[in-house]
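Under my numbering, think of the first position of the sequence shown as 8, with each following residue one higher.
The beta carbon of each residue, even a glycine, is placed where N, CA and C say it ideally should be.
These figures come from a predicted structure and were not determined experimentally.
What follows is a set of notes on a single structure, which appears directly below.
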Amino acid sequence: MTTTRTAGIVGAFTVSSVGDWIYRLAFPILVFQLTGSAVSTAFAYVVEFIPYVLVGLLAGAVADRVRRRLLMISCDLVSALLAGLLAVLASLPGTPLWLLYAVALVLASVRPFYFPAFQGYLTTTVPEDRLVRVNSTTQTLDSGLAMLGPFAGVAAVAWLGAAQATALNALSFALSALIMSRCPADPAPTGAPAVHLVASVADGLRQLVRLRVIWWGTVLLTLSNLAAFMIEGNLVYLGLEVNGLDSLALSLVFAGQGLGAVLGAVLCPRLVDRFRTGHLLVAGLGLSVVAALAAALHPSWAVVVVAWGVEGVGTSLVVVPWFTARQKIVPTEVMGRVVSVSRALSYLTIPLGALLGGWLLAARGATALFGWTAAVAALVALAAAVGPLSRIDRDVEDARRAKAVG
């Protein structure tokens with residue numbers, strides 16, 4: 008694949024992510040303005056993750072049955088329509104909160120089909136020796152948007168208002184669909200398309216469990232998400248209500264995480280070439296412990312900004328090596344199913360973490376929130392260090408030899 012074509016794939020991903028970040032801040036701020044509730048605001052932030060559990064299992068099976076590029080284009084077009092509808096409803100006076108949640112949930116239900124299709128599309132169109140570079144590039148751009156996106160979100164909210172700012176997400180989806188339509192077509196899917204979707208999902212779960220190191224990593228990332236979203240799901244309420252910050256100051260925390268993630272993603276290709284993947288995964292999870300512990304010991308807003316930047320570095324040190332190793336270990340023909348099952352399980356604890364964090368914040372305060380997060384993150388890092396995840400490089404080599412023999 009040429010560099011130009013790779014740029015098209017990455018470009019579509021990037022454009023869609025721009026709108027996501029504007030929406031990710033605009034919608035919780037809108038709900039906070041309407042309710043002033045910590046739990047309602049946290050739920051608004053994590054509502055996009057719930058469908059990965061509800062429909063994500065079927066999404067991977069669908070992604071393995073159809074041409075993945077066409078599925079991604081369809082997802083973007085449907086998402087553009089739904090995001091536009093949400094913007095209209097949010098701008099109308101008297102729109103009930105439950106209706107906004109409902110449309111946001113339907114919009115979020117489209118996205119789980121995109122991610123396994125994107126992962127499978129990469130394995131069929133990008134040479135294996137370029138996977139780590141492509142994964143690093145997408146993570147760098149995604150992290151860069153995590154750094155700049157909050158400012159864009161705040162600017163959009165200040166300029167247009169929280170309701171109208173969500174309309175920019177619709178435009179980003181439409182542009183992403185246009186860019187993806189210019190990318191190379193992927194080959195027709197192979198396998199047994201006649202298998203029932205439920206049976207196909209069950210097969211994805213069996214494949215995930217069979218690949219022991221992928222299963223173990225999925226379990227640990229599920230617990231890691233629980234810890235991370237105890238904080239991340241409550242940053243909007245923590246900043247605006249507890250600390251009395253304005254939206255610009257709040258955006259600095261998200262930007263700090265994005266800056267750290269950019270740094271980690273830029274370094275990842277060199278680190279992957281120099282160090283073992285298992286060691287990088289343990290190091291990344293360990294940085295999450297350091298970040299939460301620092302905030303627990305000194306929960307000032309300045310420390311939280313720096314700590315969340317360290318968390319961003321740790322996230323990239325996990326995401327890039329993990330995605331690359333998984334793409335090499337999991338057979339291409341079941342990639343969509345395994346990715347969707349893995350993602351559904353790892354996202355299962357995100358709403359729980361946000362709601363648990365909201366309760367801790369309201370009942371015990373910020374120190375307890377950061378302290379319990381550090382404790383959970385420490386258990387995850389320890390399990391990664393002593394378990395199969397630290398030895399994932401052996402599985403990558405075994406998969407490479409099996410493909411060479413086949």
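- Burial is judged here by how many other beta carbons sit within 10 angstroms of a residue's own beta carbon; residue 216 has fewer than 16 and is exposed.
- Within the region 105-144, complete alpha helix (DSSP H) segments of at least 4 residues are not found at all.
- In the same chain as residue 90, and ignoring 5 residues on each side of it, the C-beta atoms closer than 8 Å to its own belong to 26, 30, 114, 173, 174, 176, 177, 180, in chain order.
- Apart from the 5 residues on each side of it in sequence, residue 335 sits with its Cβ closer than 8 Å to the Cβ of 135, 138, 403, 406, 407 in its chain, given in chain order.
- Nearest neighbour of residue 351 by Cα position, chosen from 109, 22, 133, 232, turns out to be 232.
- Between residue 315 and residue 263, the gap from beta carbon to beta carbon is short of 8 Å.
- A Cβ-Cβ separation of about 4 Å places residue 323 in contact with residue 272 under the 8 Å criterion.
- A straight line joining the alpha-carbon of residue 101 with that of residue 42 spans about 13 Å.
- Secondary structure of residue 345 (DSSP, three-state): helix.
- Secondary structure at residue 193: coil, using DSSP grouped into helix, strand and coil.
- When C-alpha distances from residue 18 are compared across 171, 294, 188, the shortest belongs to 188.
- If you check the CB distance, residue 311 and residue 302 come in under 8 Å.
- As the crow flies, the alpha-carbon of residue 104 is around 27 Å from that of residue 235.
- In chain order, 54, 57, 58 place their CB closer than 8 Å to the CB of residue 112, counting only its own chain and leaving out the 5 sequence neighbours on each side.
- For the options 364, 80, 305, 384, the alpha carbon positioned closest to that of residue 185 is the one of 80.
- Comparing alpha carbon positions, the residue from 224, 275, 320, 295 closest to residue 266 is 320.
- Within the region 263-302, complete beta strand (DSSP E) segments of at least 3 residues are not found at all.
- Taking a contact as a CB-CB distance under 8 Å, the pair residue 376 and residue 364 counts as one, their CB atoms being some 6 Å apart.
- Nearest to residue 379 by alpha-carbon distance, out of 346, 88, 120, 237, is 237.
- Under the DSSP assignment, residue 333 falls in the alpha helix (DSSP H) whose first and last residues are 308-336.
- Contact annotation: residue 260 and residue 399 have beta-carbon atoms that are not nearer than 8 Å.
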